[in-house]
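Working notes for the structure below.
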Amino acid sequence: MNNMTNVTFEDKIKVVVVGCGDKAHGLSRMFDLHANKMGQYQLVFTEPMPTKIFDPFDSDYVTIEHFPECLANADIAVIAIPSYAMDSFLIQNYTLLKEGCVLVDATNPTGTKDLKGELEALNISSDHWVKAFNDTGAIQEMQNSLKTKMKLTTNVCGPNDRCVKKIASLAKYLGYSPTVVPIDQYEFLQSSQDSIGWEWLYATTVMMLLFAIAFTYVTVQVSGRPNFQWYTLLARQSSKMFAWTAVWGFALSLLPGTIIRLLKQAAYIDTTPRFLILGCSIRKHVGLLSLYFVLLHGCMMLLIFGGEYFGFLIDDGYMEWNDEASMLTAVLSVSLFMITGIASLPSVGNEMNKAQFKLVFGPVVWSALALGVMHIMFLGVPSWTATPRSRYSWSRGMPPVTLMASVLPLLVMFIKSVQVCHASMLRVKHWVASRHQVSSIHASDHLFVIEEEV
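What follows is the structure in C-alpha cells.
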C-alpha cells in the first residue's frame, strides 16, 4: 500500500530560480536526482534577459516561465544571476514580489554588493532574505550523482529564523545537507566561492617566510665558495632551498599537535593556547605546500643530476654507502609524504576510520619526516665532522646548508620522542597503580568470600 501523499498544484510552494546559467542547471540537476516530484515544491526557472540564449535544461521536470510575470506568485525566489545585475534586478522587480516572498542570495560577489548590501542601499527594510547555495559549486551540482556517498553541504544564514528554516527545508528537499549559521557569522559566508580561505593565506605566508630564510642563508653561504657562479642559484642552489623549505615545513606542520599533547600530559593544561590552535588549523595546508616544495626539489634534481654538478658523489663509477643510503631514504620519504598528501584530500580523508587516520598521520608521517632528515644527514654529516673543515662546506665560516636544514626537524623529532616516552611512562604508571589497587583489596571486601575462609 502506498502511503505517500501527493500535494496538489495549488498547495505547492513555488520556487522561482532567477537565471538560467550554470547555477540554475546545477539546481535543476539536484532537483532531478533527489527531489520527490510530487512533493510540496514546484521548481520554476526564468531568464531575466530576454535576448540571452541559454542552454536547454536536460530534465523532464523543469518548468520555464516568462519573466517577470512568474515572480508575482513566487513563494521563494532564488537569485542565480551575476552579482553585478543584483542592483537593477531589485530596482525593477522587487515591487512585483508578493508579500512574504523569501529572496535567496546564491551569488558570490567580487567587488560588488550582495543581496543584503543592495537591500540596505535601496532602503528596503525587509528581513525576508537568506544566503544559501552560494558555497556549492555549479560544476559540483551538475556532476552530482546518486553513486556519490557524500551530500553537498550548504550554509543557510539570514536575519529571519522562519525564513532560514524554510530555505533549510528546501535545501534538504533538493538533496543538500544544510547547516544553519547564525546571522552574526554572515560576513564569513558572503563570498565563499571567491576566497581561498584564511588557512591557505596563513600557510602560504609561513612557507614564504621559510623559503626566504632558506634563500637568504643559501645565497650568502654558497656565494663565498671558491669559483662560485651566480647563475647556479637558478637551479643547483634553488634545489637546496626547496629541500630546506620542504623539510622545515613538514616539521612545523607536526609541531603544534605534538606540543599540545605534551602540555596536556605533563602540565595537565585544560586550555590550549590560541597560537597552537592556529597552528593545528593550518597544519594540513602547510604540509601540502611542503609537499609541493618536495616535488620542486625532486624535479630539479632529476634535471640537473649529473657529473657536472654531482660528480663528487661518484668514485670509479660507484657511490659511497652513505650516498646510496641518501638516495634510498629520499625515495622512501617522498613516497610516504605522497601517501599523507593523498590522505589529506577530503574525498579520501572523509572515508578513513579512526585507526586508518592514526596510522597515516602517526607512524607514516613521522617516518616520512625521519627519512627526509636522514636523506639530508647521509649527504651532509661527512662535511660536518671533517677535519680540517672544508672551505667549500663551511664557506664564510657558516655551518653547512645540510646542517642548518636538519636543525628544526631534529628538534621537532626530539620533542615528539619526549612526548611519546612520557605517554608511555604514564601508561605504565597507570597500569602498575591499577594492579596494585586490585592486589591490595582485602579478601573480606569481596562479596562472595565466606567469612570462615578468610
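Residue numbers (our numbering): 1 to 454. Beta carbons are placed, not taken as given, at the ideal position from N, Cα and C, and that holds for glycine. Since we're looking at a predicted model, the values are computed, not measured.
Helix, strand or coil at residue i [DSSP, three-state]
| i | result |
| --- | --- |
| Thr46 | strand |
| Asp11 | helix |
| Thr219 | helix |
| Ala35 | coil |
| Leu303 | helix |
| Tyr318 | strand |
| Pro388 | coil |
| Asn350 | coil |
| Val177 | Looking at the sequence itself, residue 177 is Ser, so the reference to Val does not match. Residue state, collapsed to three classes: strand. |
| Val62 | coil |
| Tyr186 | helix |
| Cys157 | strand |
| Ala77 | strand |
| Trp394 | coil |
| Lys131 | strand |
| Tyr84 | helix |
| Tyr94 | helix |
| Asp270 | coil |
| Asp22 | helix |
| Leu103 | strand |
Rounded separation between residue i and residue j - CA only
| i | j | result |
| --- | --- | --- |
| Glu324 | Val220 | 29 angstroms |
| Thr153 | Gln185 | 17 angstroms |
| Met476 | Lys354 | Outside the shown range of the chain (1 to 454) lies residue 476, about which nothing can therefore be said. |
| Lys14 | Val78 | 11 angstroms |
| Asn73 | Leu103 | 13 angstroms |
| Thr148 | Gln265 | 41 angstroms |
| Phe31 | Met150 | 16 angstroms |
| Trp394 | Gly197 | 42 angstroms |
| Leu170 | Val18 | 16 angstroms |
| Tyr231 | Phe293 | 21 angstroms |
| Ala246 | Leu288 | 10 angstroms |
| Ala203 | Ser434 | 44 angstroms |
| Val449 | Val432 | With a pLDDT of 43 at Val449, under the threshold of 50, the modelled position of this residue cannot be trusted; read the value that follows with caution. Cα to Cα, the separation comes out at about 25 angstroms. |
| Arg236 | Ala405 | 16 angstroms |
| Asn93 | Ile213 | 57 angstroms |
| Thr385 | Thr136 | 57 angstroms |
| Leu210 | Val348 | 29 angstroms |
| Lys12 | Pro48 | 23 angstroms |
| Ile269 | Leu426 | 16 angstroms |
Cutoff 6 angstroms; reference residue i; Cβ partners in own chain excluding five residues on either side
| i | result |
| --- | --- |
| Leu291 | Phe337, Gly341 |
| Glu452 | Residue confidence for Glu452 is low, a pLDDT of 41 falling below 50, so the modelled location carries little weight; the figure read from the coordinates is stated next. Within the same chain, Glu452 has no close Cβ partners at all. |
| Tyr392 | Arg225 |
Residues near residue i by beta carbon distance below 7 angstroms, same chain, minus five either side
| i | result |
| --- | --- |
| Leu408 | Trp248, Ala251 |
| Leu146 | Leu33 |
| Ala168 | Val156, Pro178, Val180 |
| Glu118 | Met86, Asp87, Leu90 |
| Val222 | Phe228, Gln237, Ser395 |
Neighbour-count burial assignment, residue i, 16 or more Cβ in a 10 Å radius
| i | result |
| --- | --- |
| Gly158 | buried |
| Tyr84 | exposed |
| Phe215 | buried |
| Gly362 | exposed |
| Phe275 | exposed |
| Thr95 | exposed |
| Phe305 | exposed |
| Met38 | exposed |
| His297 | buried |
| Gln140 | exposed |
| Val428 | exposed |
| Glu320 | exposed |
| Gly397 | exposed |
| Ala443 | Caution is warranted here: a pLDDT of 47 is assigned to Ala443, below 50, making its placement in the model unreliable, and the coordinate value is therefore given only provisionally. So Ala443 counts as exposed. |
| Ser390 | exposed |
| Arg162 | exposed |
| Phe67 | buried |
| Gln229 | exposed |
| Tyr176 | buried |
| Cys101 | buried |
| Asp105 | buried |
Chain-order list of residues whose beta-carbon lies under 8 angstroms from that of residue i (same chain, five-residue window excluded)
| i | result |
| --- | --- |
| Leu262 | Ile415, Val418, Gln419, His422 |
| Val458 | The requested residue 458 is not part of the displayed model; the chain covers only 1 to 454. |
| Thr107 | Ile79, Ala80, Ile81, Pro82, Ser83, Met86, Asp114, Leu115, Asn134 |
| Asn322 | Phe378, Leu379, Val381, Pro382 |
| Ile260 | Thr272, Leu276, Cys280 |
| Leu303 | Ala235 |
| Asp127 | Gly158, Pro159, Asn160, Cys163 |
Any non-hydrogen atom of the ligand ATP within 7 angstroms of residue i CB
| i | result |
| --- | --- |
| Thr271 | The ligand ATP is absent from the structure shown, which contains no ligands of any kind. |
Exercise. Per the contact definition of three or more C-beta pairs closer than 8 angstroms, is the region 341 to 351 in contact with the region 377 to 384?
Worked result: Taking 8 angstroms as the limit for Cβ pairs, the verdict is that the region 341 to 351 does not touch the region 377 to 384.
Problem set entry | Given 8 angstroms, three or more beta-carbon pairs between the region 276 to 289 and the region 251 to 264 | The answer is yes - the region 251 to 264 touches the region 276 to 289, with three or more Cβ pairs under 8 angstroms.
Exercise. Are the region 366 to 373 and the region 325 to 336 touching by the rule of at least three beta carbon pairs closer than 8 angstroms?
Worked result: The region 366 to 373 is in contact with the region 325 to 336.
Problem set entry | the region 114 to 122 in contact with the region 168 to 182 per 3-pair CB rule at 8 angstroms | The region 114 to 122 vs the region 168 to 182: no contact.
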